[in-house]
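Since the structure comes first, as structure tokens, the remarks are kept for the end.
Chains as they are written, first to last, in our numbering: chain Y, 140 to 254; chain Z, 6 to 948.
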């Protein structure tokens with residue numbers, strides 16, 4: 140499903156977005172991108188623009204919903220929030236991710252390795 | 006579930022494209038502005054801030070592109086775009102597009118029209134509840150199983166040493182019904198009912214009597230079929246008792262036509278064969294009964310009342326004669342039951358009942374006991390379409406016709422394939438550019454295919470209109486004697502037919518679109534890009550092959566047409582043995598109105614007194630059998646000195662005539678004396694025979710005075726005259742032995758008669774006068790089948806005429822299409838080779854040489870096509886005559902349709918071949934002329 144070469148972490152981007160929304164509450168696309176940047180400490184080579192197709196996909200899957208609203212600077216922006224299905228999905232993916240990491244760690248030396 | 010959700014989202018994205026596009030732009034805009042603000046807050050200058058923001062974002066257009074692909078349905082969007090593009094391309098060449106659509110429409114329309122026939126005759130199920138639960142019963146028995154008389158149509162496929170019938174006797178049906186009733190709810194059948202046709206009833210509505218088709222049904226008929234009457238109530242057990250008040254159910258069509266859809270018709274009286282019936286209901290509009298596919302009864306009466314209508318001719322039997330096998334039997338299966346179960350549950354009862362009915366052997370030396378191997382056994386098959394017998398007869402010819410129209414469609418497709426091939430070749434440079442830039446090959450093929458599919462669907466749509474029109478033409482071609490398509494069949498363009506049209510259109514589009522598209526996109530890029538026209542071979546071998554195929558197919562169709570035209574010509578010139586000019590014929594059935602014995606004779610006398618003196622009538626006579634109308638009457642008889650037990654089975658054709666018959670018909674009288682007025686019931690019984698009778702049954706030609714005896718009534722007649730042979734049933738037949746008797750001596754057997762009037766002028770001008778004369782004598786007596794003898798003879802050739810007409814029409818269409826194709830391909834080729842022609846002419850080639858060159862290029866293909874066609878024809882004939890097809894198969898029977906001519910007749914082949922060559926020459930000459938007019942200077946500069 141890698142239709143574009145820009146998406147660095149296929150699949151995990153979904154997780155990051157969902158987690159961001161869970162933590163931060165409703166947020167616009169720019170906010171989400173900035174937050175991911177901050178948390179990952181600029182270690183991710185992520186073109187900000189790629190977030191928008193990802194957000195669309197999440198919306199189509201029913202895990203987030205979108206609404207036009209006004210931001211803190213009185214700027215009109217599209218805000219995304221987590222749906223209940225999205226919350227469930229987040230929990231499921233977190234669990235999955237932890238399980239995968241545990242298995243892989245068992246095989247590898249303790250040094251951090253990107254998937 | 007999730008995929009469905011995604012799909013709907015995408016569908017929404019497709020429709021709200023413009024809004025969503027704007028939304029995305031806004032969102033990205035706002036994102037960038039926020040980033041720029043942040044950047045500026047970090048201390049960057051406005052330009053740097055913007056630059057950094059854009060870089061961080063990534064490619065805006067790429068993101069939009071990815072987003073777009075995910076948002077909508079890309080497949081749908083490209084398809085719609087291709088469609089628009091294809092429509093524009095077609096609009097650019099309006100003439101070619103129109104010709105293409107029209108030729109497709111013709112092919113598809115013909116197929117659709119014929120499919121509606123297939124659907125109506127062979128596929129359509131009865132408009133009743135759950136028709137697939139209906140079962141039809143038939144039976145088979147060894148040839149030694151004896152039945153008394155039978156009446157009706159039957160066509161059951163059984164082994165050659167057995168006989169099969171779909172007709173039952175009333176007593177047998179009764180027993181089977183009792184058996185079913187006693188098993189009650191255990192039986193696999195919920196209903197069992199019987200029905201039979203009463204083919205000619207005189208019905209009188211208002212003033213005018215007319216002959217209608219009727220049927221008699223058992224009480225369970227309408228309930229078994231689950232048909233609700235439109236008005237009134239259906240026939241019940243109460244009505245189906247001997248002695249019950251006579252009731253009748255009328256069909257919707259009869260109600261519309263004769264009663265003008267008046268709802269007050271319930272309770273009115275209707276006169277049938279002069280008996281009064283009460284109308285109790287009208288059947289629903291689509292319901293045409295369950296009898297053979299071409300039989301739609303206008304009136305339906307209960308079985309028990311049938312003797313009231315037919316009196317001594319009752320099929321249920323009278324005091325003197327036992328009933329006959331004439332009823333059809335159907336049942337309705339319980340849910341979950343099978344045909345086999347139903348069959349088994351009734352087989353035993355049927356067998357014993359049928360054996361009980363078996364009459365004593367005719368010949369003393371025949372065993373009375375029947376070998377158990379010959380016992381009658383019940384059969385069953387699906388009843389979802391009503392009685393299958395007639396349908397099975399029509400099926401082969403309908404399928405044959407289907408093959409013809411399919412061939413025509415194929416030719417049309419070939420034309421379009423050539424057209425698209427040429428067009429695609431012209432677009433070679435454009436396509437190679439696209440391929441070079443990275444377009445997927447399949448993507449391009451899809452685009453080209455969309456164009457051909459668009460053409461095909463447009464052709465299909467126009468084809469449906471052609472089918473509407475063609476349907477009425479088809480119906481017009483089904484006259485009474487055609488026997489090719491059943492008349493009275495309702496051909497409607499229902500959804501099944503339209504789905505068929507759609508499928509054919511799509512298939513056509515795929516067929517003629519795929520190969521050109523494939524070809525076009527398999528270009529060698531480097532050479533194609535060099536933009537040289539001469540590169541692609543001017544006319545590909547595929548194109549040539551298609552043209553040859555078209556010519557060959559047209560040849561085959563036209564040969565068929567030619568052979569049938571010759572057959573028709575031959576049949577129309579057969580010597581019938583009598584003079585068929587200026588003869589007016591009509592039929593009377595006074596016995597249906599209650600005339601018999603003395604009253605009948607007197608009636609005919611009175612009628613003749615009038616007819617003899619009508620102005621314009623030179624002579625009036627009548628005969629029992631109408632000549633050349635597929636009518637017959639035959640009797641078993643014994644030669645002098647033979648007895649019933651010793652004689653072999655022997656029968657002769659019969660005719661019963663007035664005294665002046667031979668003179669009026671101008672049949673040469675050879676020996677002895679003609680009938681006179683003195684040959685009445687008091688005089689000794691006499692007969693006159695024809696030459697074939699003498700030849701066949703007597704070694705000594707001196708037959709005058711010899712006596713023969715009829716087997717059924719033991720009447721003995723003396724031969725007093727010999728007359729020349731005539732054709733009897735139709736033009737084709739071999740001459741048959743014929744024995745005439747005088748009408749006054751027939752007594753009770755006289756019934757319907759076919760009157761023949763030799764007129765001074767045009768016979769049809771007397772038709773109304775004749776009707777008036779009869780009306781004056783008896784206003785309740787209808788005159789039927791009034792027309793000229795020559796028209797009747799023509800009608801008997803209905804099937805041959807139809808074949809000839811249809812094959813000529815389709816052959817002509819095929820030829821036209823092939824000619825257009827040839828013209829098109831050559832014109833294209835000339836266009837391609839303009840430069841080459843220019844060079845030749847510059848070097849001194851004469852115009853005639855150029856002409857010859859182009860014409861020969863085309864004629865090569867025509868001649869090759871003829872050769873292929875001729876070979877195919879010979880091969881086909883050998884195949885048909887071989888062991889592979891038995892004599893009873895429809896394929897073999899088709900070859901026997903020809904008369905007086907061989908299927909491999911050389912004259913026909915030569916004539917058709919010449920015709921095709923001529924047309925080919927014309928098709929080649931036109932583009933050749935254009936080639937010859939090429940100005941070398943212009944051509945050499947022309948790139």
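Yeah, the Cβ is synthetic: ideal placement off N, Cα and C, and Gly gets one too.
- Where in the region 129-161 of chain Z do unbroken runs of the alpha helix (DSSP H), each at least 4 residues long, occur, reported from the N-terminal end onward? none
- Item | Boundaries of the alpha helix (DSSP H) in which residue 790 (chain Z) is found, first to last residue | To locate residue 790 (chain Z), count along the second chain from 1; it is residue 785. Careful: residue 790 (chain Z) lies outside any alpha helix (DSSP H), inside the beta strand (DSSP E) at 789-793.
- Item | chain Z contact for residue 240 (chain Y) (CB, 8 angstroms cutoff) | Looking up residue 240 (chain Y) in the first chain gives position 101. Cβ-Cβ to chain Z under 8 angstroms: no for residue 240 (chain Y).
- Residues, ordered as in the chain, of the region 201-226 of chain Y that lie near chain Z by beta-carbon distance below 9 angstroms: 201, 207, 210, 212, 214, 215, 216, 217
- Going by DSSP, which residues form a beta bridge with residue 712 (chain Z)? Here residue 712 (chain Z) refers to the residue found at position 707 when the second chain is read from its first residue. According to DSSP, residue 712 (chain Z) bridges with Z:723.
- Nearest to residue 221 (chain Z) (by Cα), restricted to the options Z:269, Z:145, Z:301, Z:168: For this step, residue 221 (chain Z) is matched to residue 216 along the second chain. If we check each option's Cα against that of residue 221 (chain Z), Z:301 comes out closest.
- Task: List the whole-angstrom C-beta distance separating residue 506 (chain Z) from residue 469 (chain Z), where the pair is believed to meet the contact cut-off of C-beta under 8 angstroms.
- Result: On the second chain, position 501 is the one that residue 506 (chain Z) refers to. On the second chain, position 464 is the one that residue 469 (chain Z) refers to. Their Cβ separation, rounded to whole angstroms, is 6 angstroms, which keeps residue 506 (chain Z) and residue 469 (chain Z) in contact under 8 angstroms.
- Message: What would DSSP say about residue 847 (chain Z), mapped onto helix, strand or coil?
- Response: Against the second chain, residue 847 (chain Z) aligns to sequence position 842. Reduced to three states, the DSSP call for residue 847 (chain Z) is helix.
- In the DSSP assignment, find the unbroken alpha helix (DSSP H) run with residue 570 (chain Z) in it and report its ends. Here residue 570 (chain Z) corresponds to residue number 565 of the second chain, with the count starting at 1. 546-577 is the extent of the alpha helix (DSSP H) around residue 570 (chain Z).
- Query: Helix, strand or coil: how does DSSP classify residue 180 (chain Z) here?
  - Reply: The residue given as residue 180 (chain Z) occupies position 175 in the second chain. DSSP places residue 180 (chain Z) in helix when its eight states are reduced to three.
- Query: Looking only at DSSP bridge pairs, what is residue 877 (chain Z) linked to?
  - Reply: As a first step, residue 877 (chain Z) must be located in the second chain, where it is residue number 872. Per DSSP, none; premise fails for residue 877 (chain Z).
- Quick one: what does DSSP say residue 680 (chain Z) is sitting in, helix, strand or coil? Counted from its first residue, the second chain places residue 680 (chain Z) at position 675. In the structure shown, residue 680 (chain Z) sits in coil (DSSP, three-state: anything other than H, G, I, E or B).
- Item | Cα-Cα separation between residue 648 (chain Z) and residue 719 (chain Z), rounded to whole angstroms | Here residue 648 (chain Z) refers to the residue found at position 643 of the second chain. Here residue 719 (chain Z) refers to the residue found at position 714 of the second chain. If you draw a straight line from the Cα of residue 648 (chain Z) to the Cα of residue 719 (chain Z), it comes to about 11 angstroms.
- Return helix, strand or coil for residue 541 (chain Z), following the three-state DSSP convention. By 1-based counting over the second chain, the position of residue 541 (chain Z) is 536. Residue placement at residue 541 (chain Z) cannot be trusted, given a pLDDT of 49 that sits under 50; what the coordinates show is reported in the next sentence. Coil, per DSSP.
- Note down the Cα distance separating residue 190 (chain Z) from residue 299 (chain Z), rounded to an integer number of angstroms. Numbered from its first residue, the second chain carries residue 190 (chain Z) at position 185. Numbered from its first residue, the second chain carries residue 299 (chain Z) at position 294. The alpha-carbon atoms of residue 190 (chain Z) and residue 299 (chain Z) are separated by roughly 35 angstroms.
- Item | Minimum Cβ-Cβ distance from residue 159 (chain Y) to chain Z less than 8 angstroms | If you number the first chain from 1, residue 159 (chain Y) lands on position 20. No, no contact with chain Z.
- Message: Using a Cβ-Cβ distance cut-off of 8 angstroms, determine whether residue 26 (chain Z) contacts chain Y.
- Response: The residue labelled residue 26 (chain Z) in the question sits at position 21 within the second chain. No, because no Cβ of chain Y sits closer than 8 angstroms to the Cβ of residue 26 (chain Z).
- Message: Give me the chain Z residues within the contact set of residue 186 (chain Y), using Cβ-Cβ distance strictly less than 7 angstroms, ordered along the chain.
- Response: Counting from 1 along the first chain, the entry for residue 186 (chain Y) is found at position 47. Those within 7 angstroms of residue 186 (chain Y) in chain Z are 62, 63.
- Query: How would you label residue 940 (chain Z), buried or exposed, when you count the other beta carbons within 10 angstroms and need 16 or more for buried?
  - Reply: As a position in the second chain, residue 940 (chain Z) is number 935, starting the count at 1. Residue 940 (chain Z) should be labelled exposed.
- chain Y contact for residue 75 (chain Z) (CB, 8 angstroms cutoff): Position 70 of the second chain, counting from 1, holds the residue named residue 75 (chain Z). It does: the Cβ of residue 75 (chain Z) has a partner Cβ on chain Y nearer than 8 angstroms.
- From Z:911, Z:926, Z:697, Z:260, pick the residue whose C-alpha is nearest to that of residue 292 (chain Z); which is it? Numbered from its first residue, the second chain carries residue 292 (chain Z) at position 287. Closest option to residue 292 (chain Z), Cα to Cα, is Z:260.
- Collapsed DSSP secondary structure at residue 22 (chain Z) in the structure displayed: Along the second chain, one-based indexing puts residue 22 (chain Z) at 17. In the structure shown, residue 22 (chain Z) sits in a helix (DSSP, three-state: H, G or I).
- Task: Alpha carbon to alpha carbon, how far is residue 502 (chain Z) from residue 118 (chain Z)? Give it in angstroms, no decimals.
- Result: Here the question's residue 118 (chain Z) lines up with position 113 in the second chain. Here the question's residue 502 (chain Z) lines up with position 497 in the second chain. Taking the straight line from one Cα to the other gives about 9 angstroms.
- Item | Simplified DSSP state of residue 666 (chain Z), which is helix, strand or coil | Along the second chain, one-based indexing puts residue 666 (chain Z) at 661. Correct three-state label for residue 666 (chain Z): helix.
- Query: Can you tell which of Y:218, Y:241, Y:238 has its C-alpha closest to the C-alpha of residue 166 (chain Y)?
  - Reply: Start at 1 with the first residue of the first chain, and residue 166 (chain Y) comes out as number 27. That would be Y:218, whose Cα lies nearest to the Cα of residue 166 (chain Y).
- Message: Do residue 218 (chain Z) and residue 276 (chain Z) count as a contact pair if the criterion is CB distance below 8 angstroms?
- Response: Counting from 1 along the second chain, the entry for residue 276 (chain Z) is found at position 271. Counting from 1 along the second chain, the entry for residue 218 (chain Z) is found at position 213. Not closer than 8 angstroms, so no.
- residue 522 (chain Z) versus Z:428, Z:297, Z:11, residue with shortest Cα-Cα distance: Position 517 of the second chain, counted from the start, is the residue given in the question as residue 522 (chain Z). Ranking the options by Cα distance to residue 522 (chain Z), first place goes to Z:428.
- Task: Let me know the secondary structure DSSP gives residue 270 (chain Z) once reduced to three states.
- Result: One-based indexing of the second chain puts residue 270 (chain Z) at position 265. It is helical.
- Query: Does residue 82 (chain Z) get closer than 8 angstroms to chain Y when you measure Cβ to Cβ?
  - Reply: One-based indexing of the second chain puts residue 82 (chain Z) at position 77. Output row for residue 82 (chain Z): interface = no.
- Could you tell me the distance, in whole angstroms, from the CA atom of residue 623 (chain Z) to the CA atom of residue 733 (chain Z)? Mapped onto the second chain, residue 623 (chain Z) falls at position 618. Mapped onto the second chain, residue 733 (chain Z) falls at position 728. Answer to the nearest angstrom: the Cα atoms are 24 angstroms apart.
- Neighbour list for residue 230 (chain Y) in chain Z, Cβ cutoff strictly below 8 angstroms: Start at 1 with the first residue of the first chain, and residue 230 (chain Y) comes out as number 91. Within 8 angstroms Cβ-Cβ: nothing; residue 230 (chain Y) doesn't reach chain Z, min ~17 angstroms.
- Segments of 4+ residues assigned as alpha helix (DSSP H) that fall wholly inside the region 165-227 of chain Z: 175-188
- Task: Tell me whether residue 450 (chain Z) sits in a helix, a strand or coil according to DSSP, three-state version.
- Result: Indexing the second chain from 1 puts residue 450 (chain Z) at position 445. Looking at residue 450 (chain Z) - three-state DSSP - the assignment turns out to be helix.
- Assign residue 218 (chain Y) to one of three DSSP states: helix, strand, or coil. Position 79 of the first chain, counting from 1, holds the residue named residue 218 (chain Y). It is a strand residue.
- Can you list the residues of chain Y that residue 40 (chain Z) reaches, using a CB-CB cut of under 7 angstroms? Residue mapping note: residue 40 (chain Z) aligns to position 35 of the second chain, counting from 1. The contacting residues are 169.
- Query: Can residue 567 (chain Z) and residue 103 (chain Z) be called in contact, C-beta distance under 8 angstroms?
  - Reply: In the second chain, counting from the first residue as 1, residue 567 (chain Z) sits at position 562. In the second chain, counting from the first residue as 1, residue 103 (chain Z) sits at position 98. Going by beta carbons, residue 567 (chain Z) and residue 103 (chain Z) fall outside the 8 angstroms limit.
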